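Chains as they are written, first to last, in my numbering: chain A, -14 to 213; chain B, -14 to 213; chain C, 23 to 281; chain D, 56 to 285; chain E, 56 to 285.
Where is the CB? At the ideal position from N, CA and C, for every residue including glycine.
Predicted, not measured: the structure shown is a model, and the values here were computed from it.
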Ligand code: HEM
Ligand SMILES: Nc1ncnc2c1ncn2[C@@H]1O[C@H](COP(=O)(O)OP(=O)(O)OP(=O)(O)O)[C@@H](O)[C@H]1O
Ligand SMILES: Nc1ncnc2c1ncn2[C@@H]1O[C@H](COP(=O)(O)OP(=O)(O)OP(=O)(O)O)[C@@H](O)[C@H]1O
Ligand SMILES: [Mg+2]
Ligand SMILES: [Mg+2]
């Protein structure tokens, strides 16, 4: 009982600290969001809108953009934890590793969902998208984001201590998130284009992915924090 | 006379140091290249190959990938200069700012050209591209890369001292490089698809861009290094 | 360096000084036998395919190497779990050896698949989701090897690798399932789906012997890679003794002001 | 087992380098132990081992009754480490840092404020982000974050470095207070005059081993320091 | 103009905070000047101003004959600064760093090696990347990188910090040598006993101003240090 409360208490402490840090450093969203919108614009340039390619590819591009922005967000979030011996301090702190993990995942998920909300507006304006099947879209966004944070926090922490983290993190994380990209893209396509089949299986797949990584991460964070 | 020799001597010193650092840290290319290939793969997911979109979009995707990889490379290259007071040490060193700038640009251009060479192989195999108009392609690659490095080094140095550099750099740099992206993409399309119009004007445009930024950078690096 | 290693190791009773042993020689012989059978049936005895002609014979290499690679990645995952539980060098070495072998076999699959693609489809690569996910899988394990290559304390390195080994394996079934669904959803059967049924008896025999051969070769390589890794660790242990000696010498007053 | 720290033939590797090459050390409860020795001797590494942050590759280590070779985790929350790094979030303000670290250590926010006060951190600095502090001000805040954990074993790496004279006296007082109230203190220092005054006992570490007390100081330590052994 | 450093009512802002609030200071050629004062007094800022790294917002500053308010650049290559940061590339080895920095300062590679030797950096460390060094070892390498520039004005921020006794004596020797050969030395230190022995003159800085020599030490500095003024 006490143990369980402890984990969630720790998670809350960490999540609040992360969001505070986000506010204080006045960076994350303030700069990641413009970055993401910029990526969307670049795609528009690269793909030459006249050919109708862009419209077709909107969901895919949206999720690729989210993926890149998440890598940026993760890098920053764990970069802050690796400075000035903070990781050592966390190991000494007595906070439960699962709590730290869940706290980081919570903060990341909140930040990324905010980002996606803004990005959806961007897509609506830039790519002239009509939104159909809102509940499905919401379900996909939440599960996909949770999956990205859950997997990302594990690798973010793993890469944080290495001097090569800027490049190692995308190398490790992006292949891992390929299924999220596929599932989220297909799910959104289905939802937007009213394809024959329902998109809910994709949302379910994303949910499973998130659950698996959340569980794995809660267990793996202990050895990760302590020995890696 | 002595002054001129000094600038190029300084540039050589800096470029050699950068390439050495690249080798020592065993990172850049060893991880940026896989990252770039991965970005190509992710696009394949996002764009659903069966629709033939991918083949059409190859040049655009190639250059978007190069752009992202350059941001990564720049981030790392200037991240190393900002640690441990190195920027202060460079200001004190007596190296000429233009020399430092040209040295960084040289090292970056070499690294990026290497990356592009590997990426071209990747594209050739993955996207089944036939290469026509090799001289034009080469001219575009060199001028575009020089332009990216020339503009990137200015902003890399500018962002390096800020605590928010991970996110600020792409935000500043990517809009600036949008013309490079467009010109290089169109130029490559022309060259690959033998479109009516010749692609050399694009190469010339890229050359002008590179020259302008090289000149601008050589002058701006002094106030940038000294007072920023 | 090599000589000192073998000399001092041979003074330890029963310490292995090479990577071979009776067991592996027998295993190697059996693997070779199956390889010969597979080559004979695959290349000579079995008939060509109705549609693909003689190019079908690439399958006798393509599929066994994939299966061997999957096996290797599975071994990596199990070893990673065991390492996190038991914390012994054995599991660490086994996991990383298997990952290396797996990457090797998987790369071979991709290369011969690409060559096969060139003769059947006319291109090396298509944006076939299975091919794309294959490449993604390969990169995932290249990431594992990249982390392995970062110099670090052996225990730290082992933990990092074990975590990646466990996380990455979860992705294999997800990737393959997701792709099947994707295909199944709005597209007809693909090339990969269309050819494998309807195999004749000799074709099947060639396939099975190739499969056995592939797996045996994989295990054989794995054992050798493991032992090579083990010996390398022992060699660095010997280096450690010397390093300890030198380190302690720093404290002798004769050495004077050292920093 | 009465010793708070018991190391026997402890070997610790950094990469492949034996930073500790067989350390034997026993520290009694309530003791203030000074670690001295030349640069690169292994003092920082030894403190890291005692904190459970650096693993042993061979040898025995029992700290606060916990065997470090089997479970290092239990020790970590009971020690306080002041290292070369600040252990503070550079973008958070002084009080935000203290609030976070005190709550992480299951202390109250009030403990954190009290610790800041104890370390003489001026209230003008409370709302400043840590990266704006001067070297010595930051060191004080780190120290405050450490003491509000109420550690049983204090591990201090050059605790006087960067502090002004008032700060130095303060630190000496804190160490003595801690020892008097039952905690144990191990600290590394190069400022021997000051350090030897406050320490109950001093050991010399050099080349990754602890020199026997009888052995003269190594050449790089000119003045043969007095060793007030208990 | 005979003074090497001449500051008059110098005000320097960090952000909006006046870290220097009107400093008057003259330093003669060949002098070794100690800056002392409580944490956050402005010592590091003052050294940064003299190095031409931090701009003045008002007041006069002439260093090595160059007016800092108009062109700070000329001064920079003639001073040597040892700061809180290491000024070294962490991923390059010790010799690679020294080679680079000595050539950047228009010195030869041999000068770099000689400087390493002078600082007593063991040759075992030459090929190690800087991030693997201990705190004191790194400090020695930074010092070596500084002296191989043959600066006319030495600006040292806590030069003794982190060094072992041998290193401290070495640093004192280096400062005296530099002063004897015509260079000028300004250093900040909290280790007053040692620092006052080597300095020709000491000034106390507190709250961003230099206290008049007659005025007693501020409250946070208990022992009234002797001021051997020339
Ligand atoms: C670059 C090219 C290729 C790659 C990377 C590749 C990769 C793979 C992989 C990863 C598998 C295992 C699938 C599983 O998880 O079950 C596989 C199976 C298979 N591949 Fe390929 N392949 C390539 C080209 C080809 C070509 C050109 C053909 C035939 C024309 C082919 C025929 C098959 C068959 C028959 C199987 C086994 C049946 C199955 O499990 O679906 N492959 N390939
Ligand atoms: N990767 C490595 N390869 C070789 N030697 C290493 C490596 N990493 C660390 N070392 C050495 O290990 C030792 C670490 O010593 P440690 O930091 O414990 O010294 P210390 O006693 O705290 O010194 P200081 O007084 O300078 O702080 C140093 O001699 C350092 O050179
Ligand atoms: N952004 C800021 N806002 C308010 N005060 C600031 C800001 N940045 C720096 N300061 C203050 O400016 C002063 C800088 O002093 P400086 O670093 O020169 O001190 P110092 O004498 O070197 O101290 P120490 O002995 O601790 O190294 C500190 O008091 C610090 O709190
Ligand atoms: Mg140390
Ligand atoms: Mg200071």
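Practice task
Given a cut-off of 8 Å, decide if residue 104 (chain D) and residue 161 (chain D) are closer than it, judged by their beta-carbon atoms.
Solution key: Residue mapping note: residue 161 (chain D) aligns to position 106 of the fourth chain, counting from 1. Residue mapping note: residue 104 (chain D) aligns to position 49 of the fourth chain, counting from 1. Cβ atoms of residue 161 (chain D) and residue 104 (chain D): not closer than 8 Å.
Practice task
Please report how far the alpha carbon of residue 56 (chain A) lies from the alpha carbon of residue 95 (chain E), in whole angstroms.
Solution key: For the purposes of this step, residue 56 (chain A) is identified with residue 71 of the first chain, where counting begins at 1. For the purposes of this step, residue 95 (chain E) is identified with residue 40 of the fifth chain, where counting begins at 1. Spanning the two alpha carbons is a distance of roughly 38 Å.
Handout entry: Cβ-heavy atom distance, residue 189 (chain E) to ligand 4, below 7 Å
Key = If you number the fifth chain from 1, residue 189 (chain E) lands on position 134. Placement of the Cβ of residue 189 (chain E) at a distance of less than 7 Å from at least one heavy atom of ligand 4 is found.
Exercise for the section: Could you work out which residues of chain A lie near residue 76 (chain C), taking near to mean beta carbons separated by less than 7 Å? Expected result: Residue numbering aside, residue 76 (chain C) sits at position 54 when the third chain is read from its first letter. Near residue 76 (chain C) there are no residues of chain A at all, since even the closest Cβ is about 35 Å away, more than 7 Å.
Exercise for the section: Can you give me the start and stop residues for the alpha helix (DSSP H) that residue 259 (chain C) sits inside? Expected result: Taking the first residue of the third chain as position 1, residue 259 (chain C) is located at position 237. Looking at the DSSP string, the run of the alpha helix (DSSP H) that includes residue 259 (chain C) is 223 to 271.
Exercise for the section: Return the Cβ separation of residue 88 (chain B) and residue 0 (chain B) in integer angstroms, given the expectation that the two are a contact with Cβ distance under 8 Å. Expected result: Along the second chain, read from residue 1 onward, the residue named residue 88 (chain B) stands at position 103. Along the second chain, read from residue 1 onward, the residue named residue 0 (chain B) stands at position 15. Yes, residue 88 (chain B) and residue 0 (chain B) are in contact; Cβ-Cβ is about 4 Å, under 8 Å.
Problem - residue 61 (chain D) CB to nearest heavy atom of ligand 1 below 7 Å - result: By one-based count along the fourth chain, residue 61 (chain D) stands at place 6. No, Cβ of residue 61 (chain D) sits at least 7 Å from all heavy atoms of ligand 1.
Problem - Beta-carbon proximity check, residue 188 (chain E) vs residue 180 (chain E), cutoff 8 Å - result: In the fifth chain, residue 188 (chain E) corresponds to position 133, counting from 1. In the fifth chain, residue 180 (chain E) corresponds to position 125, counting from 1. Taking 8 Å as the Cβ cut-off, residue 188 (chain E) and residue 180 (chain E) qualify as a contacting pair.
Handout entry: Element boundaries [alpha helix (DSSP H), containing residue 256 (chain D)]
Key = Translated into the one-based positions of the fourth chain, residue 256 (chain D) becomes position 201. Element bounds for residue 256 (chain D): not the alpha helix (DSSP H) but the beta strand (DSSP E), 256 to 261.
Exercise for the section: List the residues of chain A whose Cβ lies closer than 7 Å to the Cβ of residue 106 (chain D), in chain order. Expected result: Counting from 1 along the fourth chain, the entry for residue 106 (chain D) is found at position 51. Within 7 Å Cβ-Cβ: 77.
Handout entry: Secondary structure of residue 113 (chain D), DSSP reduced to three states
Key = In the fourth chain, counting from the first residue as 1, residue 113 (chain D) sits at position 58. Strand at residue 113 (chain D).
Exercise for the section: Please find out if some non-hydrogen atom of ligand 2 comes closer than 7 Å to the beta-carbon of residue 94 (chain D). Expected result: Along the fourth chain, one-based indexing puts residue 94 (chain D) at 39. Flag set: Cβ of residue 94 (chain D) near ligand 2.
Handout entry: Contiguous alpha helix (DSSP H) assignments of at least 4 residues, all confined to the stretch 117 to 186 of chain A
Key = If we require 4 residues or more, the alpha helix (DSSP H) runs fully inside the stretch 117 to 186 of chain A come out as 119 to 145, 150 to 161 and 163 to 178.
Handout entry: Secondary structure of residue 109 (chain C), DSSP reduced to three states
Key = Within the third chain, numbered from 1, the residue matching residue 109 (chain C) stands at position 87. Under the three-state reduction of DSSP output, residue 109 (chain C) falls in the coil class, being neither helix nor strand.
Handout entry: Closest Cα partner of residue 231 (chain D) within the set D:63, D:87 and D:82
Key = By 1-based counting over the fourth chain, the position of residue 231 (chain D) is 176. Per the Cα distances, D:87.
Handout entry: Assigned secondary structure, residue 99 (chain E) (DSSP; H/G/I helix, E/B strand, else coil)
Key = Here residue 99 (chain E) corresponds to residue number 44 of the fifth chain, with the count starting at 1. Residue state, collapsed to three classes: helix.
Exercise for the section: Please list, in chain order, all residues of the same chain as residue 71 (chain B) whose beta carbon is under 8 Å from its beta carbon, the five residues on each side excluded. Expected result: Working through the second chain from its first residue, we reach residue 71 (chain B) at position 86. The residues are 65.
Handout entry: Nearest to residue 83 (chain C) (by Cα), restricted to the options C:165, C:42 and C:62
Key = For the purposes of this step, residue 83 (chain C) is taken as residue 61 along the third chain, with counting starting at 1. Nearest option by C-alpha distance: C:62.
Practice task
Measuring only between beta-carbons, confirm whether residue 158 (chain C) sits less than 8 Å from chain B.
Solution key: Looking up residue 158 (chain C) in the third chain gives position 136. Chain B, which has a Cβ nearer than 8 Å to the Cβ of residue 158 (chain C), makes this yes.
Exercise for the section: Just mark residue 110 (chain A) as buried or exposed, buried being the case when its beta carbon has 16 or more other beta carbons within 10 Å. Expected result: By one-based count along the first chain, residue 110 (chain A) stands at place 125. Exposure of residue 110 (chain A) is indicated by the presence of fewer than 16 other C-beta atoms within 10 angstroms of its C-beta.
Exercise for the section: Select from B:85, B:184, B:41 and B:18 the residue whose C-alpha is nearest the C-alpha of residue 119 (chain B). Expected result: Within the second chain, residue 119 (chain B) is the residue found at index 134, counting from 1. Minimum Cα distance to residue 119 (chain B) is reached at B:184.
Practice task
With DSSP as the reference, please indicate the residues paired to residue 66 (chain D) in a beta bridge.
Solution key: As a first step, residue 66 (chain D) must be located in the fourth chain, where it is residue number 11. Answer is D:76 and D:113, bridged to residue 66 (chain D).
Exercise for the section: Decide yes or no for the touch test of the stretch 75 to 90 of chain D against the stretch 234 to 244 of chain D: beta carbon pairs closer than 8 Å, at least 3 of them. Expected result: Yes: the two stretches touch, three or more of their Cβ pairs being nearer than 8 Å.
Practice task
Please check if any C-beta of chain E sits within less than 8 Å of the C-beta of residue 247 (chain D).
Solution key: Within the fourth chain, the letter at position 192 stands for residue 247 (chain D). At a cut-off of 8 Å between beta-carbon atoms, residue 247 (chain D) makes contact with chain E.
Exercise for the section: Please go through the same chain and pick out, in chain order, the residues whose beta-carbon is closer than 8 Å to the beta-carbon of residue 182 (chain D), but skip the five residues on each side of it. Expected result: For this step, residue 182 (chain D) is matched to residue 127 along the fourth chain. Sequence-distant partners of residue 182 (chain D) (beyond 5 residues in either direction) whose C-beta falls short of 8 Å from its own C-beta, in its chain, are 148, 149 and 150.
Problem - Under 8 Å between C-beta atoms of residue 72 (chain E) and residue 137 (chain E) - result: The sequence position of residue 72 (chain E) within the fifth chain is 17, counting from 1. The sequence position of residue 137 (chain E) within the fifth chain is 82, counting from 1. In this structure, residue 72 (chain E) sits away from residue 137 (chain E), with a CB-CB distance that is not shorter than 8 Å.
Handout entry: Three or more C-beta pairs below 8 Å linking the stretch 220 to 236 of chain D and the stretch 256 to 267 of chain D
Key = Taking 8 Å as the limit for Cβ pairs, the verdict is that the stretch 256 to 267 of chain D does not touch the stretch 220 to 236 of chain D.
Exercise for the section: Would you list, in sequence order, the uninterrupted beta strand (DSSP E) runs of no fewer than 3 residues that lie entirely inside the stretch 134 to 214 of chain E? Expected result: DSSP runs (the beta strand (DSSP E)) wholly in the stretch 134 to 214 of chain E: 134 to 137 and 208 to 212.
Practice task
Can you tell me which of C:71, C:186, C:129 and C:234 puts its alpha carbon nearest to the alpha carbon of residue 56 (chain C)?
Solution key: To locate residue 56 (chain C), count along the third chain from 1; it is residue 34. With distances taken between Cα atoms, residue 56 (chain C) lies closest to C:234.
Exercise for the section: In angstroms with no decimal places, state the Cα-to-Cα distance between residue 217 (chain C) and residue 113 (chain C). Expected result: The residue you call residue 217 (chain C) lines up with position 195 of the third chain. The residue you call residue 113 (chain C) lines up with position 91 of the third chain. Note that residue 217 (chain C) has pLDDT 43, beneath the 50 cutoff, so the model's placement of it is unreliable and the number below is only indicative. Between residue 217 (chain C) and residue 113 (chain C), the alpha-carbon positions lie close to 39 Å from each other.
Practice task
Could you have a look at residue 74 (chain A) and say whether DSSP puts it in helix, strand or coil?
Solution key: The sequence position of residue 74 (chain A) within the first chain is 89, counting from 1. Helix.
Problem - Contacts around residue 77 (chain D), its chain only, beta-carbon distance under 8 Å, and the 5 residues preceding and following it disregarded - result: Stepping through the fourth chain from its first residue, residue 77 (chain D) is reached at position 22. Only 64, 65, 66, 114, 263 and 264 meet the Cβ criterion.
Handout entry: Under 7 Å from the C-beta of residue 247 (chain C): neighbouring residues of chain H
Key = Of the protein chains in the structure, A, B, C, D and E, none is chain H.
Practice task
Could you tell me the distance, in whole angstroms, from the CA atom of residue 62 (chain D) to the CA atom of residue 125 (chain D)?
Solution key: Counted from its first residue, the fourth chain places residue 62 (chain D) at position 7. Counted from its first residue, the fourth chain places residue 125 (chain D) at position 70. Cα to Cα, residue 62 (chain D) sits roughly 14 Å from residue 125 (chain D).
Problem - Any 3 or more C-beta pairs closer than 8 Å across the stretch 83 to 102 of chain A and the stretch 185 to 192 of chain A - result: As far as the Cβ criterion goes, the stretch 83 to 102 of chain A does not touch the stretch 185 to 192 of chain A, which means the pair count is below three.
Problem - Own chain partners of residue 144 (chain E) with C-beta closer than 7 Å, once the 5 adjacent residues on each side are dropped - result: For the purposes of this step, residue 144 (chain E) is taken as residue 89 along the fifth chain, with counting starting at 1. If we look at residue 144 (chain E) and ignore the five residues flanking it on each side, its Cβ neighbours are 152 and 185.
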